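S.K.: The C-terminal position of the sequence shown is numbered 228 in the numbering used here, with every residue numbered one higher than the one before it.
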Amino acid sequence: MKKQQTATVSDIFARALDACVPPAGSPVGIALSGGLDSAALLHLAHAWAQEHGVALHAFHVHHGLSPNADPWLAHCEQLCARMGIAFEARKVTLEKNAKTGTEEAARKRRYAALGELCAAHGVRLLLTAHHQDDQAETVLLQLLRGSGTAGLSGMDGANSAPELLGNPDLVMARPLLPVSRRQLEAYVDKHAIAHIHDESNDDPRFARNALRHQVMPVLAQAFPG
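(1) Whole angstroms are fine: how far does the CA of Gly104 sit from the CA of Gly169?
(2) Pull up the DSSP beta-bridge partners for Phe90, would you.
(3) How about the stretch 11-20 and the stretch 178-193: do they share at least three Cβ pairs that are nearer than 8 Å?
(4) Are there three or more Cβ pairs, one per stretch, closer than 8 Å when the stretch 130-137 is compared with the stretch 78-97?
(5) According to DSSP, is Ile33 helix, strand or coil?
(6) Going by other Cβ atoms of all chains shown within 10 Å of its Cβ, with 16 needed for buried, is His194 buried or exposed?
(7) On the premise that Gly118 lies in contact with Ser29, defined as a C-beta separation below 8 Å, what is that separation, rounded to the nearest angstrom?
(8) Start and end of the beta strand (DSSP E) containing Ala176?
(9) Between Gly37 and Glu166, what straight-line distance do the alpha-carbon atoms span, to the nearest angstrom?
(10) Helix, strand or coil, according to DSSP, for Lys6 in the structure here?
(11) Closer than 8 Å by C-beta to Asp159: which residues in its own chain qualify, once you throw out the five before and the five after it? Chain order, please.
(12) Compare the C-alpha of Leu59 against each of Pro74, Leu129, Lys94 and Gly67 and name the closest.
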């Protein structure tokens, strides 16, 4: 019997994009933080866009929360310039002492800014770099917060989110959901893709970080794979 080949990250990405191709002539947008996940997404989307003759835009949101925010913006801009990808950044200000907390406030402002950028450039399909590990964390967080069955279903591969993006015509797709963080790390290493490290992702005061660094490793030992 012929051994079945494992799908590559590029194959998985291409299949996901084929399932949610943007309207003819419409450009595709990328949410680019500059981190490992979004840098891999940018590399994959660039190859796909060139193959299909689709215009690609990369959007970066500058929260100003880190002393490294300006260098991160510069890194993303330079990365896109080298690849010939249209780039635009948006600086946002978070409300101090927001009742929802810094993490949630940043999320809402980030998506609102991304929606505005997409509208300004006629983008109808926005890609984010959420992956398999993010999905597992999201489901556990929803469980811990007492979410109902809808919340426990996790993130969709693609959906519209007008309440977040402020744009009812915009579809947000997550083509890397079937891909693990480990696979993305291998992809980035293989292609020598430059990326930044956000030190806030190491701060256990944020719920997702505490889950990622303190809980998930324990679960992975008890339930491998």
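All C-beta atoms, glycine included, are put in the ideal place defined by N, C-alpha and C. From a predicted model like this one, the values you see are computed outputs, not experimental measurements.
M.R.: Quick look at the numbers:
(1) The straight-line gap separating the alpha-carbon atoms of Gly169 and Gly104 is approximately 21 Å.
(2) Ala61
(3) yes
(4) no
(5) strand
(6) exposed
(7) Going by Cβ atoms, the distance from Ser29 to Gly118 rounds to 15 Å, so no, they are not a contact pair.
(8) Val174 to Ala176
(9) 25 Å
(10) With a pLDDT of only 43 at Lys6, under the threshold of 50, the placement of this residue in the model should not be trusted; the figure read from the coordinates follows. Residue state, collapsed to three classes: coil.
(11) Arg177
(12) Checking every option, the nearest Cα to that of Leu59 belongs to Leu129.
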